[in-house]
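One structure below.
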Amino acid sequence: MTTPSVSTFDGCGAGSSEQQKVRPAFLAVYLLLGIAFGFVLSRAEVISWFRIQEMFRFQSFRMYGIIGSAVVTAAISVALIKRTGLKSVSGESIAIPRKPLGSGIRYAAGGTIFGLGWALTGACPGPLFALIGNGVSVMIVAVVSALAGTWVYGWLRPRLPH
Amino acid sequence: MATWIYKEWPWYVAGPLIGLFVPALLIAGNKVFGISGNLSHLCAAIAPGKLELFRYDWRKAGLWNLVFLAGVLIGGFLAFHGGPAQEIAISAETRTALARLGIHDFHGVAPHELFTWHALLTLRGFVSVVVGGFLVGFGTAYAAGCTSGHAISGLANFELPSLIAVFGFFAGGLAATYFILPIVLGGL
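As you go down the protein sequences, you meet chains W and S in turn.
Counting from 426, one number per residue, gives the positions in the first sequence under our numbering.
Counting from 11, one number per residue, gives the positions in the second sequence under our numbering.
Shown next as structure tokens:
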């Protein structure tokens, strides 16, 4: 816990650029945004194993429409933010750190392994938690198992190709 | 209460709303939308061991995201209690295909044949929850992102690593759907 230099990239998930201390008032904002996100995920039904199966079987446009329109909306927003040079409410200049490509193996292999898990559980990490809220309490076990998976990756990391 | 609050939302409403969390987090505090980093933050908080990957100040790097994640759980709870539980209106073809694999209970968001505490003791329930969960955690850590960090944040920023990862997501998902699930659900 003494290392000050945190590489959020290695901490997986696309990390944020500058790690500044978050003021408590902002934590309330993140909590509210998270609540909204959990609600939207539930109503979008992207947390449903059934919907994920329907997607991987190409039997409905729904999931593709959701992911596609989410990407387009996010891309337009990011482009606007870049063009206007908008600053964040917390006063930082907004920057999305680009992920280093390297050999690309980690993205292909890690992505495929995650894909296997996505189809089996019918949930990606956000929905795992939203599902617990939706009363599928056995997903607590899936979360513990996912933590074990992440930990084992941390353990094997020096021996894996990236 | 208005019925839209508890009915499924059409893709053209749900999708853009999901996409808006990217600018919302950037504008709030220059934070990049991505859920799976939380699994690392939790490892760093609970059991970093001697592993270099988890030796960092998780509060500084990820407290905001863990708080966001707690919100996701609460949001799911509110959605669940916000109205009558509905059957997910999947296509007839999917129903038929799943019925062939032994899935007959279409109530709720996930099939009861696989996702209950009782089902955990069956091979298919164990593979769906425990093996599937493990692969989600391992894969997202290896790929440095999940559906949110790569498929949404990364693609929206036109990043090649994220495009590779998304191809991987689908390769793995299709392999599990067409090769693993038929064995796990149907054969045993």
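Glycine residues also receive a C-beta, built at the ideal position from the N, C-alpha and C atoms.
Quiz prompt | Inter-residue Cα distance where the pair is S:ALA8 and S:GLY159 | solution = Since the displayed chain S opens at 11 and closes at 198, residue 8 of chain S lies outside it and no answer follows.
Quiz prompt | Selection from S:ALA38, S:TYR66, S:TRP21 and S:SER46 that minimises the alpha carbon distance to W:SER485 | solution = Within the first sequence, the letter at position 60 stands for residue 485 of chain W. Of S:ALA38, S:TYR66, S:TRP21 and S:SER46, the residue nearest in Cα terms is S:TRP21.
Quiz item: At least one CB of chain A closer than 8 Å to the CB of S:GLY196: is that the case?
Solution: Here the protein chains are W and S, and chain A is not one of them.
Quiz item: If we ignore side chains and look at the alpha-carbon of each, how far apart do W:PRO522 and W:GLY536 end up?
Solution: As a first step, residue 522 of chain W must be located in the first sequence, where it is residue number 97. As a first step, residue 536 of chain W must be located in the first sequence, where it is residue number 111. About 20 Å.
Quiz item: In this structure, does DSSP put W:SER518 in helix, strand or coil?
Solution: Along the first sequence, read from residue 1 onward, the residue named residue 518 of chain W stands at position 93. In this structure, W:SER518 counts as strand in the three-state DSSP scheme.
Self-check item: Continuous alpha helix (DSSP H) stretch holding S:ARG110: start and end
Solution: What you label residue 110 of chain S is simply residue 100 of the second sequence in a count that begins at 1. Where S:ARG110 is concerned, the enclosing alpha helix (DSSP H) stretches over 102-110.
Quiz item: Counting along the chain, where does the alpha helix (DSSP H) carrying W:TRP580 start and finish?
Solution: Here residue 580 of chain W corresponds to residue number 155 of the first sequence, with the count starting at 1. Its alpha helix (DSSP H) spans residues 564-581.
Quiz item: Which residues, in order along the segment 569-584 of chain W, keep a beta-carbon less than 9 Å from a beta-carbon of chain S?
Solution: VAL569, SER570, ALA571, LEU572, ALA573, GLY574, THR575, TRP576, VAL577, TYR578, GLY579, TRP580, LEU581, ARG582 and PRO583
Practice problem: Return no unless some Cβ of chain S is closer than 8 Å to the Cβ of W:ALA495. | Solution: Locating residue 495 of chain W in the first sequence gives position 70, where the first residue counts as 1. Cβ-Cβ to chain S under 8 Å: yes for W:ALA495.
Exercise. Specify the secondary structure class of S:LYS60 as computed by DSSP and reduced to three states.
Key: Within the second sequence, residue 60 of chain S is the residue found at index 50, counting from 1. Here S:LYS60 sits in coil by DSSP.
Practice problem: Closer than 7 Å by beta-carbon distance: list the chain S residues that pair up with W:ARG508, in chain order. | Solution: For the purposes of this step, residue 508 of chain W is identified with residue 83 of the first sequence, where counting begins at 1. Residues of chain S passing the Cβ test: none, with the nearest at roughly 13 Å.
Quiz item: If you count every other CB in all the chains shown that lies within 10 Å of the CB of S:GLU14, and 16 or more means buried, which is it?
Solution: Taking the second sequence and counting its residues from 1, the one referred to as residue 14 of chain S is at position 4. The displayed chain sequence assigns Trp, not Glu, to residue 14 of chain S. Burial call: exposed.
Practice problem: Report the rounded CA-to-CA distance for W:ALA469 versus W:ILE491, giving the unit in angstroms. | Solution: Along the first sequence, one-based indexing puts residue 469 of chain W at 44. Along the first sequence, one-based indexing puts residue 491 of chain W at 66. Going from the Cα of W:ALA469 to the Cα of W:ILE491 covers about 8 Å.
Quiz item: How long is the line joining the alpha carbons of S:ALA99 and W:ILE519, rounded to whole angstroms?
Solution: Taking the first residue of the second sequence as 1, we reach residue 99 of chain S at position 89. Taking the first residue of the first sequence as 1, we reach residue 519 of chain W at position 94. Taking the straight line joining both Cα atoms gives about 40 Å.
Quiz item: Using 8 Å as the limit for Cβ to Cβ distance, is W:SER467 near chain S?
Solution: Within the first sequence, the letter at position 42 stands for residue 467 of chain W. True, the Cβ-Cβ gap to chain S drops below 8 Å.
Exercise. Let me know if S:ALA151 comes out buried or exposed under the rule of 16 or more other beta-carbons within 10 Å of its beta-carbon.
Key: The residue given as residue 151 of chain S occupies position 141 in the second sequence. Label assigned to S:ALA151: buried.
Exercise. Select from S:GLY59, S:SER138 and S:GLN96 the residue whose C-alpha is nearest the C-alpha of S:LEU195.
Key: Your numbering for residue 195 of chain S matches position 185 in the second sequence. The candidate whose alpha carbon is nearest that of S:LEU195 is S:SER138.
Quiz item: Got a sec: is the Cβ-Cβ distance from S:ILE84 to anything in chain W below 8 Å?
Solution: Within the second sequence, the letter at position 74 stands for residue 84 of chain S. For S:ILE84, the answer is yes, since a Cβ of chain W falls inside 8 Å of its Cβ.
Quiz prompt | Sheet register partners of W:LYS610 (DSSP bridge) | solution = The structure shown has nothing for residue 610 of chain W, since chain W only spans 426 to 587.
Quiz prompt | Burial state of W:TYR489, where buried means 16 or more other Cβ atoms lie within 10 Å | solution = Locating residue 489 of chain W in the first sequence gives position 64, counting from the first residue. Exposed: under 16 other Cβ atoms inside 10 Å.
Quiz item: Taking contact to mean at least 3 C-beta pairs separated by less than 8 Å, is the segment 23-39 of chain S in contact with the segment 495-502 of chain W?
Solution: yes
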